[in-house]
Amino acid sequence: MEAEAKQSGNSIDDLGADWIDYAAAGVNDNSDLTRRALEVLDLVDLREDIYELGLRGAIDPAAKPELVARILEARAAFKKKLEDPELSPLVEVFDKEKYNDNATVGENLLFGRPVGDAFDLERLAEHPYVLEVLEIANLTEAMMDAGRQVASTMVELFADLPPGHEFFERYAFISHEDLPAYQALLARLGREGVEALRDDERTMILSLPFRLTPARHRLGIIDEPLKEQILAARKIFADNLPDELKGSVEHFVQESYTASASLQDNILFGKMAYGHARGTEQVGAAIADVVTMLELRDDIIEVGLDYQVGVGGGRLSSVQRQKLGLARAVIKKPDVLILNEATATIDGASQGRILKNLLSEFEDRGVIWVVHRAALAESFDQILVLQAGRVVEEGTYEALSIEGSALTELMNAE
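So in this note's numbering the end of the sequence shown lands on 513, straight run, no missing numbers.
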């Protein structure tokens, strides 16, 4: 390969080498750089955002065994917190012996997270092994009947609703475009019975109950007897899973880390309960308490640093992208930091914190800042006021903030 690179005039440098210029950032190695990155996140008021991304991120357990152990410790501490009567209704913890009303029927059957595409939750009704489990559990007929009830209810409820109605979002398993097909299918079922349906039509009906979440959809279709049958099918599914499929689902085990789940889901080890005002906020605060108690926040933020934010930061908000741009400039330790309306899209409170932090960070260096509000100039040693591309005033804030000055006129106009 090296010979080919030489002959073609390409670089022979090692692509796998560590090409980070640690000295430019004022650090010695990757560990120091991570520590410095956390400091910079504080400077630009982005630390909490990266913490949230870290909670939504996942890790390779083999690469971070110590963090896995600490997340499991956090899970146990969070479970203890759920003994609080104010918190306990907000999370339905996974229990191998119980049906989870805040999970779909498909999730209850698998009682684990799919790994890869083998058990796609949207296509369970097509999977041969799933169909085999339903037959062994004598559940096929009940699931078909549940699917018919769902289709009938949806057609009745949605027939006169326009596309884009909020109900289609809540009951996302049937779209407005699907309604005519289900209407025709129900008509056939009424005339000819289930036996007359083609395989693809059976799949259409059977797929519907897999997507039902009793606590969210409240259709009364998944009743207690059906839940008991699904729990029985869950055991059959786990006990008889073929060897070639065993790696396709990670079963929920209280003492085991779920590699395919986020850090937050691993701590929760359950489902957020539907229908509770401020429930997400309260659970988030409880997780934060546990994270702080176990001194896990920095570890989670490090996971957040690896979060994939999409092309051009497409998964970040405009404010987050602007803060990240600031952080990128600061971590390079320039002698002079030049910014142009760098906090224009950021709320006032954050603007003040970031300005104060950066001026403190660059106290022995230089900052040239084109401010978007004239009042922000008060924090700087020297001010230039431009009009029509020309400097019309120059001096300190005290000298320029007088009646009739260009700076005062700009501030009065804000």
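The beta-carbon is built from N, C-alpha and C at its ideal position, and this holds for glycine as well.
Contacts around residue i, its chain only, beta-carbon distance under 8 Å, and the 5 residues preceding and following it disregarded
i: residue 208; result: 223, 229, 232, 309, 329, 332, 333, 336
i: residue 361; result: 154, 155, 156, 157
i: residue 363; result: 154, 155, 386
i: residue 243; result: 293, 301, 304, 305
i: residue 500; result: 477, 506, 507, 510
i: residue 196; result: 330
i: residue 318; result: 248, 249, 252, 311
i: residue 432; result: 123, 124, 125
Beta-ladder partner(s) of residue i, from DSSP
i: residue 191; result: 370
i: residue 483; result: 493
i: residue 465; result: 435
Cβ neighbours of residue i in the same chain (closer than 6 Å, five flanking residues each side left out)
i: residue 140; result: 146, 149
i: residue 415; result: 408
i: residue 306; result: 224
i: residue 422; result: 143, 145
i: residue 417; result: 444
i: residue 160; result: 167, 356, 358
i: residue 564; result: Past the boundaries of the shown model lies residue 564; the chain is included only from 100 to 513, so the question cannot be answered.
i: residue 342; result: none
i: residue 430; result: 124, 139
i: residue 452; result: 144
Residues of its chain near residue i, where Cβ-Cβ distance is below 7 Å and the 5 sequence neighbours each way are ignored
i: residue 111; result: 101, 104, 105
i: residue 435; result: 464, 465, 467
i: residue 372; result: 188, 189, 190, 191, 201, 314, 378
i: residue 365; result: 170, 174, 356, 357
i: residue 182; result: none
i: residue 405; result: 156
i: residue 217; result: 344, 347
i: residue 397; result: 137
Backbone secondary structure at residue i - three-state DSSP
i: residue 349; result: strand
i: residue 109; result: coil
i: residue 397; result: helix
i: residue 456; result: helix
i: residue 121; result: coil
i: residue 451; result: helix
i: residue 241; result: helix
i: residue 440; result: coil
i: residue 408; result: coil
i: residue 180; result: helix
i: residue 159; result: coil
i: residue 414; result: coil
i: residue 169; result: helix
i: residue 361; result: coil
i: residue 299; result: helix
i: residue 275; result: helix
i: residue 281; result: helix
i: residue 104; result: helix
i: residue 164; result: helix
i: residue 384; result: helix
i: residue 376; result: coil
i: residue 291; result: helix
i: residue 430; result: helix
i: residue 472; result: coil
i: residue 355; result: coil
i: residue 250; result: helix
i: residue 235; result: helix
i: residue 116; result: coil
i: residue 513; result: coil
i: residue 478; result: helix
i: residue 445; result: coil
Exercise for the section: State whether the stretch 321 to 334 contacts the stretch 238 to 250, with contact taken as three or more CB pairs (one from each stretch) at a distance under 8 Å. Expected result: Cβ pair count under 8 Å is three or more, so yes.
Problem - Segments of 3+ residues assigned as beta strand (DSSP E) that fall wholly inside the stretch 194 to 231 - result: Counting whole runs of 3 or more residues, the stretch 194 to 231 contains the beta strand (DSSP E) stretches 211 to 213.
Exercise for the section: Please confirm if the stretch 449 to 468 is in contact with the stretch 171 to 179, defined as three or more CB-CB distances below 8 Å between the two stretches. Expected result: Taking a cut-off of 8 Å on C-beta distances, the stretch 449 to 468 does not touch the stretch 171 to 179, as fewer than three cross pairs fall below it.
Practice task
Report yes or no: do the stretch 350 to 358 and the stretch 112 to 127 share at least 3 C-beta pairs separated by less than 8 Å?
Solution key: No: fewer than three Cβ pairs fall under 8 Å.
Practice task
Determine, using beta-carbon pairs with one atom in the stretch 201 to 216 and one in the stretch 342 to 351, whether at least three such pairs fall under 8 Å.
Solution key: Contact between the stretch 201 to 216 and the stretch 342 to 351 is present, with at least three C-beta pairs closer than 8 Å.
Exercise for the section: Note down, one range per segment and in chain order, each alpha helix (DSSP H) of at least 4 residues found wholly within the stretch 123 to 153. Expected result: With a minimum length of 4 residues, the continuous alpha helix (DSSP H) runs that stay inside the stretch 123 to 153 are 129 to 142.
Practice task
Taking 8 Å as the threshold, find out whether the stretch 242 to 257 comes into contact with the stretch 274 to 290 through three or more Cβ pairs.
Solution key: Result yes; three or more Cβ-Cβ pairs closer than 8 Å.
Exercise for the section: With a floor of 4 residues, list each alpha helix (DSSP H) that falls wholly inside the stretch 306 to 338, ordered by position along the chain. Expected result: 313 to 316, 323 to 338, all fully within the stretch 306 to 338.
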